[in-house]
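A.B. asks: Note that the sequence shown covers residues 1 to 390 in full-length UniProt numbering. The structure that follows is given in the form of structure tokens.
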Amino acid sequence: MDFQSQNALLKHALDYYMRLLKTNDERLEEWYQKQQGWFKERMQLQKKVGDLSCEAETLRNKIAMMEICERTTRHAIALAPFEKVASAPQPAEAIESPASDEPEAMLADRLDDTDPTGAAAEQHQKQKKRLKKSAAEAQRRKQQQQQKETSQSRNKSRLPRDSICITPDAEYTYHDVLTALRDNAEFASVAAELLEPPRRQANDTLVLRCQRGVHYDAVEQYLWDALDQSDVVVRVRVTMTTVTVVCRNLDELTTAPELQEALLEQHGVTIHPDSVLLRKLPSGLQRARLLVDARDAPGLIGKRLRVGLVTTTLRADDRSPPDEVRCYRCMERGHTSRECTGVDRSRRCFRCGSGDHWAAICNRAAKCLVCEGKHPTGASSCAGALLSSC
């Protein structure tokens with residue numbers, strides 16, 4: 001094929017593609033125009049829907065007003081025999097005032113004194129029942145609200161209080177500790193406002209109990225400053241009421257400091273890393289039990305917590321009650337290992353029952369050591385552990 005033929009062929013191909021591009025541009029323009037038309041129609045329809053919604057709301061308001069007028073008229077008809085008014089038509093204000101000024105209970109009592117006959121008797125009975133039912137319902141709601149407020153105030157007054165136990169060393173006494181605290185002016189002023197009077201317990205232990213609603217953190221720094229300025233050597237133990245909060249489905253790399261930081265940033269709750277108990281599960285996940293101050297626990301339960309790649313829900317601890325004593329020697333309930341005379345199963349795998357490994361690395365099928373059921377040893381659903389004893 002010579003050069004001229006190639007040139008003609010290329011020109012023909014170029015013309016074809018140009019016509020194709022022009023056709024596509026025309027189609028795009030046509031599609032764009034259709035889109036504009038659809039958009040305008042949609043806006044018009046939305047405007048019509050809005051107008052119809054306003055009209056529907058207006059009609060609903062009119063219907064509500066008509067129902068109110070109907071109820072008012074019914075009340076006026078029921079009260080007509082007692083008002084002793086003339087048979088002439090009364091203005092709307094005179095009809096509405098008895099129904100709005102008198103309580104429903106009083107209206108029901110007044111209806112009891114009447115004895116209409118005929119078709120009015122049925123209407124009279126219905127009106128009397130409705131008024132009495134409404135009065136009883138209002139009284140019941142009022143009593144429930146009062147009981148709820150009383151319960152809330154009682155629970156609020158029973159919030160747990162923190163206690164600080166200060167035990168001196170052998171060469172010091174209770175009086176030395178008390179003198180050191182009293183001689184510090186800053187601690188004395190804080191103690192008078194936030195602490196109850198000091199008490200003495202065994203081993204010359206001085207007990208400082210925080211007032212209700214006061215946290216130990218409010219007096220911690222003042223206490224240590226007062227003890228550091230004296231020569232008394234003591235041991236300090238803080239007792240706080242805590243609640244166990246469970247955090248499930250954590251990844252394998254989650255640590256206690258990460259949980260502590262997440263709780264502080266997302267919920268403003270401070271816990272110590274030692275209050276976090278992490279346990280690895282065979283599925284590669286972890287479960288954490290958090291010891292949280294009883295004042296902060298209600299604000300955490302049911303909330304979401306994000307740690308690493310996981311977002312989990314904080315829940316209250318649902319373990320067995322403390323009165324269900326379990327023996328960790330024979331894995332049965334009703335006694336402790338100190339009183340156990342049964343089979344020693346403490347060195348066996350709690351998951352499969354084997355004696356050559358521990359449950360933390362076990363990947364075999366679960367088998368109970370007590371009842372040989374298909375569940376780990378010590379499960380709450382184990383019938384053998386519930387029924388057996390040493």
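Beta carbons are placed, not taken as given, at the ideal position from N, Cα and C, and that holds for glycine. None of these values were measured; they are calculated from a predicted model.
CB V245 to CB L181, shorter than 9 Å?
C.D. replies: The residue given as residue 245 occupies position 245 in the sequence shown. The residue given as residue 181 occupies position 181 in the sequence shown. Not a contact, by the Cβ cut-off of 9 Å.
A.B. asks: Which full runs of the alpha helix (DSSP H) of 4+ residues lie inside the stretch 132–211, going along the chain?
C.D. replies: Qualifying alpha helix (DSSP H) stretches, in chain order: 174–183, 185–194.
A.B. asks: Do T254 and V292 have their C-beta atoms within less than 9 Å of each other?
C.D. replies: Along the sequence shown, read from residue 1 onward, the residue named residue 254 stands at position 254. Along the sequence shown, read from residue 1 onward, the residue named residue 292 stands at position 292. No, these two residues do not count as a Cβ contact at 9 Å.
A.B. asks: With DSSP as the reference, label R27 as helix, strand or coil.
C.D. replies: Taking the first residue of the sequence shown as 1, we reach residue 27 at position 27. Residue state, collapsed to three classes: helix.
A.B. asks: Is it buried or exposed, T58, if we count other Cβ atoms within 10 angstroms and call 16 or more buried?
C.D. replies: Here residue 58 refers to the residue found at position 58 when the sequence shown is read from its first residue. Exposed, because fewer than 16 other Cβ atoms sit within 10 Å of the Cβ of T58.
A.B. asks: What's the C-alpha gap between K11 and D25?
C.D. replies: Along the sequence shown, read from residue 1 onward, the residue named residue 11 stands at position 11. Along the sequence shown, read from residue 1 onward, the residue named residue 25 stands at position 25. Cα-Cα distance, rounded: 21 Å.
A.B. asks: Since Y222 contacts V190 with CB under 8 Å, what's their CB separation in whole angstroms?
C.D. replies: Taking the first residue of the sequence shown as 1, we reach residue 222 at position 222. Taking the first residue of the sequence shown as 1, we reach residue 190 at position 190. Indeed, because the Cβ distance is near 5 Å, the residues count as touching under 8 Å.
A.B. asks: Applying the 10 Å Cβ sphere with the 16-neighbour rule, what's the burial state of Q260?
C.D. replies: In the sequence shown, the residue the question calls residue 260 occupies position 260. By the 10 Å Cβ count, Q260 comes out buried.
A.B. asks: So, using beta-carbon positions, are S337 and C327 closer together than 9 Å?
C.D. replies: The count along the sequence shown starts at 1 and reaches residue 337 at position 337. The count along the sequence shown starts at 1 and reaches residue 327 at position 327. For S337 and C327, yes; Cβs fall inside 9 Å.
A.B. asks: Thinking C-beta only, is D169 closer than 9 Å to D230?
C.D. replies: As a working mapping, residue 230 is identified with position 230 in the sequence shown. As a working mapping, residue 169 is identified with position 169 in the sequence shown. Looking at the sequence shown, residue 230 is not Asp but Ser. Not closer than 9 Å, so no.
A.B. asks: Would you tell me roughly how many angstroms separate the C-alpha atoms of D356 and R237, rounded to the nearest one?
C.D. replies: Here residue 356 is taken as the residue at index 356 of the sequence shown, counted from 1. Here residue 237 is taken as the residue at index 237 of the sequence shown, counted from 1. Using only the alpha carbons, I get a separation of about 41 Å.
A.B. asks: Would you call the stretch 264–276 and the stretch 290–309 in contact, with 3 or more CB pairs under 8 Å?
C.D. replies: Contact between the stretch 264–276 and the stretch 290–309 is present, because at least three Cβ pairs lie under 8 Å.
A.B. asks: Distance, Cα to Cα, C330 vs T377?
C.D. replies: Mapped onto the sequence shown, residue 330 falls at position 330. Mapped onto the sequence shown, residue 377 falls at position 377. Those two C-alpha atoms are separated by around 10 Å.
A.B. asks: Within 10 angstroms of its Cβ, does Q286 collect 16 or more other Cβ (buried), or is it exposed?
C.D. replies: The count along the sequence shown starts at 1 and reaches residue 286 at position 286. By the neighbour-count rule (16 or more Cβ atoms within 10 Å), Q286 is buried.
A.B. asks: Can you tell me whether DSSP reads T270 as helix, strand or coil?
C.D. replies: Numbered from its first residue, the sequence shown carries residue 270 at position 270. Coil, per DSSP.
A.B. asks: Can you check DSSP and say which residues form a bridge with V238?
C.D. replies: Counted from its first residue, the sequence shown places residue 238 at position 238. In DSSP, V238 forms a bridge with I164.
A.B. asks: Could you check whether L206 and T167 sit closer than 9 Å to each other, using their CB atoms as the reference points?
C.D. replies: As a working note, residue 167 is residue 167 in the sequence shown. As a working note, residue 206 is residue 206 in the sequence shown. Cβ atoms of T167 and L206: closer than 9 Å.
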